[in-house]
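Report on the following structure.
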Amino acid sequence: MSAWSVCPYNFDVTQDQILKISSVSSNQADIFPVINGQKVSFKLLETSNPSKGKGYLATSKEFANIWIAAMTPSTTASLTNTYSKLLTKNNLKLSVKNNLSSFNNQTTTQSSINIYGDKAIPQTGIIAFEFRFKLINQLNTGQVVTFPVPVSAFGQTQSGETITLGAFYANNNSNNVLSSTVAKNLDIFNPANPIYKEYIIQEGYQHIGFYINQNNHQIGLIINGINKGYIAMLPSKLKNIGFFIPFEYGYIDSEFLNKEISAELITDRNKLQFTYPLGTMDICGVGS
């Protein structure tokens, strides 16, 4: 297998773009300190103001520009506000120490959303991609580690709806939650809106796979190797896709400082690790 991806997605967003996306000064994020292809990582550091947290963002320059254009001038909603809405609907809004400040009361209305992916995808067959992230998920009584991890894919259907496919992980001193979301114009529409506590892998790696059946407009999900089947139906075919990986953390106990946290987007068919329906392709249209 080649060391480089034949179906790449570039995490080349600039700091200037991130500042425009994260437009509220207290919520500003940074480029991940380590970017290795489609894997990003950082080490947990003590923050000067834990209530404000520390954030990082990975996406492509092209998708960042799409998001910025959708935000201005008609809306001041930031990326963090969008994820706040999705996390709240998933019951993943952190309850520790008044929450991280980015989870505020601002909302983004459906009329203000015109997000579409920067990468065109095949219009027939089944397409798959995966997220894999390394986290801290074993806590003793009294220890606090708080970070929401909403890794997401955004795209637009042939009928014009903005679709979000998200995997969410939240961890604090009382919660350890793994969830998935399918949203249309930021409104959750997979009926179960499931929480998968029982599928969390305790050594710290969580692995999520999505597969999109363009022929019947369905979304399938695999959680740490467990195929949950089709969980939602799209209004029409998905035309394109773009990816965001944002992390935010705060209130890190001293024993967890300098621990590595990472997330990886897998888009190359040869690197997908789960078993998918026969004939499944990557987002570039390459099959097995």
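Quick note on numbering: the sequence shown equals residues 45 to 332 in the numbering used here.
The C-beta atom is built at its ideal place from N, Cα and C for all residues, glycine as well.
Contact check, V84 vs A102 under 8 Å by CB: the rounded distance?
5 Å
Does the distance from the CB of F42 to the CB of I266 come in under 7 Å?
Given a span of 45 to 332 for the chain in the structure shown, any question on residue 42 remains unanswerable.
Distance between D312 and N54 (C-alpha atoms, nearest Å):
13 Å
Grab me the residues of K303's own chain with a C-beta within less than 8 Å of its C-beta, minus the 5 sequence neighbours each way, in chain order.
K87, L88 and I180
I263 and I275 - do their beta-carbons sit closer together than 7 Å?
yes
With burial defined as no fewer than 16 other Cβ atoms inside 10 Å of the residue's Cβ, what is the status of A227: buried or exposed?
buried
Have a look at Y213 and I65 and give me their C-alpha separation to the nearest angstrom.
22 Å
What is the DSSP secondary structure of E292, reduced to helix, strand or coil?
strand
Nearest neighbour of F76, chosen from F300, G99 and E174 [CA to CA]:
G99
Three-state secondary structure (DSSP) of N351
Residue 351 cannot be examined here, being either before or after the span of the chain that is shown, 45 to 332.
Through-space distance from L316 to Q200, alpha-carbon basis:
23 Å
Going by DSSP, name the residue or residues bridged to L309.
F175
In angstroms, rounded to a whole number, what distance separates the CA positions of Q299 and F288?
With the sequence shown as reference, residue 299 is identified as Glu, and Gln is not the correct amino acid for it. Distance between the alpha carbons of E299 and F288: 29 Å.
Look at S203 and P279 and say whether their C-beta atoms are less than 7 Å apart.
yes
Could you give the DSSP three-state label for S118: helix, strand or coil?
Because S118 carries a pLDDT of 44, less than 50, the predicted location of this residue cannot be relied on, and no value is offered for it.
Mind checking who T225 pairs with in its DSSP beta bridge?
G210
Would you check if the segment 318-328 and the segment 163-178 touch, i.e. whether three or more CB-CB distances between them fall below 8 Å?
yes
Taking the CB atoms as reference points, tell me whether I285 and G161 lie closer together than 7 Å.
yes
For N158, which residues from the same chain have a beta carbon less than 6 Å from its beta carbon, with the 5 sequence-adjacent residues on both sides left out?
A114
Could you name the residues that DSSP lists as bridge partners for F287?
A197
Would you identify the three-state DSSP class for D60, choosing helix, strand or coil?
helix
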